[in-house]
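Residue numbers (my numbering): 156 to 234.
Spelled out as structure tokens, the structure:
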């Protein structure tokens with residue numbers, strides 16, 4: 156049986172958070188969904204340069220299938 160790996164997708168969203176698009180993928184691979192989810196807060200902090208009002212993250216199977224339908228979202232503060 157093949158090992159399942161997860162990647163952390165960083166998503167850029169509009170103000171209403173209804174329409175999000177993948178902006179980048181973090182370079183790390185995770186062997187469990189839990190490890191991927193635990194990495195979300197730090198990944199969001201590293202990716203504040205994305206030009207969207209709201210940034211979110213979602214763990215995805217390396218094959219591209221969404222592994223977790225509960226993305227973490229953060230509202231960027233105006234600087």
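Even for Gly, the Cβ is constructed at its ideal location relative to N, Cα and C.
Residues near residue i in its chain [Cβ-Cβ closer than 6 Å; skip 5 each side]
i           : result
residue 180 : 162, 164
residue 234 : Below a pLDDT of 50, predicted positions are generally treated as unreliable, and residue 234, at 44, falls in that range; the measurement from the model is reported next regardless. Excluding positions up to five away in sequence, the list is empty.
residue 205 : 167, 178
Residues of its chain near residue i, where Cβ-Cβ distance is below 7 Å and the 5 sequence neighbours each way are ignored
i           : result
residue 176 : 166, 167
residue 158 : 186
Run of the beta strand (DSSP E) containing residue i, from where it starts to where it stops
i           : result
residue 182 : 175 to 185
residue 160 : It is not in any beta strand (DSSP E) - residue 160 carries neither H nor E in the DSSP assignment.
Delimiting residues of the alpha helix (DSSP H) encompassing residue i
i           : result
residue 205 : Looking at the DSSP string, residue 205 is not in any alpha helix (DSSP H), and its letter there is neither H nor E.
residue 189 : 188 to 201
Own chain, CB closer than 8 Å to residue i, minus 5 neighbours either side, in chain order
i           : result
residue 194 : 163, 181, 183, 185
Do the stretch 199 to 208 and the stretch 162 to 172 touch if we need at least three Cβ pairs shorter than 8 Å?
-> When Cβ pairs closer than 8 Å are counted between the two stretches, the stretch 199 to 208 is seen to touch the stretch 162 to 172, the count reaching three or more.
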